[in-house]
Structures are given as C-alpha cells and as structure tokens.
Amino acid sequence: MRETTAKHYTRHRAAWRKGWGALFLGWFIFSLTGCVYLRLLEFQNQLAQFDQFFRVEVDGRFILHILEPKITSQDLIYLSSLEPSRREAEESGETWYYVFQKLRSDSSLDNPDTHITFALRFSEKQRLTAVTFSPLFLKIVPPEFLEQSIRSLGHADVDRKKRQLRANPESLPRITQALPGRSEIVQGLGDPFATEVKDQSDCLMYRYRLQPPDGGKDEDKEERRKAVVELLFNPLNGKLTKMDANFAGLKITIHYEKLAAPGSPQSVKGGAGG
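All residue numbers for the sequence shown refer to the numbering used here, where the first residue is 82 and numbers rise by one.
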C-alpha cells in the first residue's frame, strides 16, 4: 500500500472541462453564489497547497483523504441534482456510493463486475472527508495520472462564463508509469459498447448509466444519468493517447501524451490490435 499526502478540487454540471483531466472531484464549482460557492473556492485554494490538506492512499483503490473538509453532503446534492445509488450509515458518518452500470452494445446491463463505483465518505457533520475510486477506474486512469490530475486543479484557470477549468500540464512533472494497453483495458473493462475511428485515432467507446437509488428508475433524470467513456489509441503503435469521459454531467479529458515522460513505456499487454 502506498500513502502520500495529497489535495483535490471539485465542481459540477454539464460544462466542466480541463483540457487534460481529473475526475470525480471535479464535480463542483462556479455557476454558484453564496455559501456553496465560497466553500468550493476554499476547496480549490486547498488544492493549491495539495500536500498540506490532502493524503492519497493506494491499496488497489485510489483514496483521496481530505484533511480539513469543506464540502457538505447537501452541496453535492444541490450541485449534481442526483441522489447516490445507495447510502450506508456508519458510527462516525455515512458513505455514499455512485455506481455506474456498464451497458452492452444492445444497451442491456452488463455483469456487475464491470460497473465503476465512486464512494464518498462524510463525517458526522456531513462534511466530505474522502473519495474512493474503484480499482476498475484505475484501469483507464492509473494512480499517478489520477493524482497529478487532481493536483493540477489547484492551479487551474477558471472561466466562469463558459463554466470551464483548464490546467496546464506543461507545468507538472512528467509521469514514467506505463500506460495500460488496448488489450489490457478490454480485459479489465470488458467489451466496449462500440468501436470507431475518431480524430484519426482508434476509439473504444464505453457506455454506462448511474444506478438510481434502490435500483429503481426515475425517468425524469435518465438523461442525466448517462455516462460515456471514449478511449483513443494511436493506430500506428496502439498507444493510449486520450480519454474523453462524461460521468452524469462531469466532463473529463485527459491527454496522456502530455503527462507521460518522453519514452515512457506502454504496458506490454497493449498493442494496436489487442
């Protein structure tokens, strides 16, 4: 198990994009006024001092521990307009689970082992204290790439008019960790919903839906529950170059080639035809 001190940032709805990435904790920011917005700004300021306010734990999962919590559970509901798939009460707080169910090419639900889950831990005072990314998510965003993405949010440029965040990856240390290859990703995530050519790259498309509370259905929010992950590969060497994702309104783009150190190895399980 690896532990480092770390920090993060959050924001919401349909329009968040930071040129190269970060995930779930980006589910907050701007478009807001009053106390909620001020708490989000405090959270971003903490991210700018990452090591002082956050700790990262990797034990197969990726856990972001928030040492001085700011965001409340009601902030999250207000910003997302979506209830978690389930809640579990605990002695010292509560954990919310957002379960994204993978869809097969015929739009039926795939095996539960292929679903991607995010867990949010709240204190007794309903403050967000930790966010956990499931091992399956790390199949497409390795821990080092995820941590750098989160760290970058503290220095991201904010465009409130467009509701966008943009971070400059050139200012961050390059990562030497090997990226997963195409065959390794398919082995971990299962067969894609579709394959296509996009931007002169080979593209694997995965579709998910956020499981509603108690496994029920809320037709009014079905459109908002949709999630899509597109993974682009260099057609010449099969290297993973980019991820475009939209998890129920959270938009994420990671340009892997801008984060990886020159000459960084691709996973040996990867390949153009995998």
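Don't be surprised by glycine CBs; every beta carbon is placed ideally from N, CA and C.
For this session: Specify whether the region 323-333 and the region 302-313 touch according to this definition: at least 3 beta carbon pairs, one from each stretch, less than 8 Å apart.
Result: Yes: at least three Cβ pairs fall under 8 Å.
Exercise. What number of angstroms, rounded off, separates the C-alpha of Phe-274 from the C-alpha of Ile-152?
Worked result: Here residue 274 corresponds to residue number 193 of the sequence shown, with the count starting at 1. Here residue 152 corresponds to residue number 71 of the sequence shown, with the count starting at 1. Rounded to the nearest angstrom, the two C-alpha atoms are 35 Å apart.
For this session: In angstroms with no decimal places, state the Cα-to-Cα distance between Val-137 and Ala-211.
Result: The sequence position of residue 137 within the sequence shown is 56, counting from 1. The sequence position of residue 211 within the sequence shown is 130, counting from 1. For Val-137 and Ala-211, the distance between alpha carbons rounds to 10 Å.
Exercise. With 16 other CB atoms within 10 Å as the buried threshold, where does Asp-187 fall?
Worked result: As a first step, residue 187 must be located in the sequence shown, where it is residue number 106. Exposed.
For this session: Write down the C-beta distance between Phe-131 and Arg-232 rounded to the nearest angstrom, noting that I regard them as a contact closer than 8 Å.
Result: Position 50 of the sequence shown, counting from 1, holds the residue named residue 131. Position 151 of the sequence shown, counting from 1, holds the residue named residue 232. Contact holds; Cβ gap of about 5 Å.
For this session: Indicate whether the contact test is met: 3 or more Cβ pairs, each with one atom in the region 217-231 and one in the region 159-178, closer than 8 Å.
Result: no
For this session: In the DSSP assignment, find the unbroken alpha helix (DSSP H) run with Leu-227 in it and report its ends.
Result: Reading the sequence shown from its first residue, position 146 is the one you call residue 227. Here the alpha helix (DSSP H) through Leu-227 covers 224-233.
For this session: With a cut-off of 8 Å on the beta carbons, I'd call Lys-38 and Leu-163 a contact; round off their distance for me.
Result: Residue 38 is absent from the structure shown; the chain starts at 82 and stops at 355.
Exercise. In its own chain, which residues sit with a C-beta less than 8 Å from the C-beta of Ile-158, not counting the 5 before and 5 after it?
Worked result: Walking along the sequence shown from the start, residue 158 turns up at place 77. For Ile-158, where only same-chain residues beyond five positions count, the Cβ hits under 8 Å are Glu-164.
Exercise. How far does the beta strand (DSSP E) with Phe-199 in it reach, from first residue to last?
Worked result: As a first step, residue 199 is located in the sequence shown; it is residue number 118 there, counting from the start. 197-204 is the span of the beta strand (DSSP E), which, as asked, contains Phe-199.
Exercise. Which word fits Arg-255, buried or exposed, when buried means at least 16 other C-beta atoms lie within 10 angstroms of its C-beta?
Worked result: Position 174 of the sequence shown, counting from 1, holds the residue named residue 255. By the neighbour-count rule (16 or more Cβ atoms within 10 Å), Arg-255 is not buried but exposed.
For this session: Can you check DSSP and say which residues form a bridge with Cys-284?
Result: In the sequence shown, counting from the first residue as 1, residue 284 sits at position 203. Its beta-bridge partners are Glu-277, Leu-313.
Exercise. In whole angstroms, what is the alpha-carbon distance linking Ala-129 and Leu-148?
Worked result: Within the sequence shown, numbered from 1, the residue matching residue 129 stands at position 48. Within the sequence shown, numbered from 1, the residue matching residue 148 stands at position 67. Across the structure, Ala-129 and Leu-148 are spaced so that their CA atoms are roughly 14 Å apart.
For this session: Spell out the partners DSSP gives Arg-168 in its beta bridges.
Result: Start at 1 with the first residue of the sequence shown, and residue 168 comes out as number 87. According to DSSP, which records beta bridges pairwise, Arg-168 is partnered with Trp-177.
Exercise. By how many angstroms is the C-alpha of Ala-259 removed from the C-alpha of Gly-141?
Worked result: Indexing the sequence shown from 1 puts residue 141 at position 60. Indexing the sequence shown from 1 puts residue 259 at position 178. Going by C-alpha positions, Gly-141 is about 16 Å away from Ala-259.
Problem set entry | Candidates Arg-263, Ser-166, Ile-197: closest to Leu-321 by CA position | Locating residue 321 in the sequence shown gives position 240, where the first residue counts as 1. When only C-alpha atoms are compared, the closest one is Arg-263.
Problem set entry | Sequence-distant residues of the same chain with beta carbon closer than 6 Å to Pro-294, five excluded per side | Numbered from its first residue, the sequence shown carries residue 294 at position 213. Excluding sequence neighbours, Pro-294 sits near Glu-164.
Problem set entry | DSSP three-state assignment for Lys-220, whether helix, strand or coil | For this step, residue 220 is matched to residue 139 along the sequence shown. Helix at Lys-220.
Exercise. From which residue to which residue does the alpha helix (DSSP H) around Glu-138 run?
Worked result: In the sequence shown, residue 138 corresponds to position 57, counting from 1. Here Glu-138 belongs to no alpha helix (DSSP H); instead the beta strand (DSSP E) covers 135-139.
Exercise. Beta strand (DSSP E) containing Ile-147: first to last residue?
Worked result: Taking the first residue of the sequence shown as position 1, residue 147 is located at position 66. Ile-147 -> beta strand (DSSP E) spans 143-147.
Exercise. When the Cα atoms are used, what is the spatial distance from Met-286 to Asp-156?
Worked result: Residue 286 sits at position 205 when you count from the first residue of the sequence shown. Residue 156 sits at position 75 when you count from the first residue of the sequence shown. So the alpha carbons of these two residues sit roughly 31 Å apart.
Exercise. Do the CB positions of Leu-270 and Lys-332 come within less than 7 Å of each other?
Worked result: Indexing the sequence shown from 1 puts residue 270 at position 189. Indexing the sequence shown from 1 puts residue 332 at position 251. Not closer than 7 Å, so no.
For this session: Note down, in chain order, each residue of its chain lying with its Cβ closer than 6 Å to the Cβ of Cys-284, except the 5 sequence neighbours on either side.
Result: Sequence index remark: in the sequence shown, residue 284 carries index 203 (1-based). The answer, listed in chain order, is Glu-277, Glu-311, Leu-313.
Problem set entry | Reduced DSSP secondary structure (H/G/I, E/B, other) of Lys-151 | Here residue 151 refers to the residue found at position 70 when the sequence shown is read from its first residue. Residue state, collapsed to three classes: coil.
For this session: Look up Leu-119 in the DSSP assignment and say whether it is helix, strand or coil.
Result: The residue given as residue 119 occupies position 38 in the sequence shown. In the structure shown, Leu-119 sits in a helix (DSSP, three-state: H, G or I).
For this session: Give the straight-line distance between the Cα atoms of Ala-341 and Thr-257, rounded to the nearest whole angstrom.
Result: Here residue 341 is taken as the residue at index 260 of the sequence shown, counted from 1. Here residue 257 is taken as the residue at index 176 of the sequence shown, counted from 1. Those two C-alpha atoms are separated by around 6 Å.
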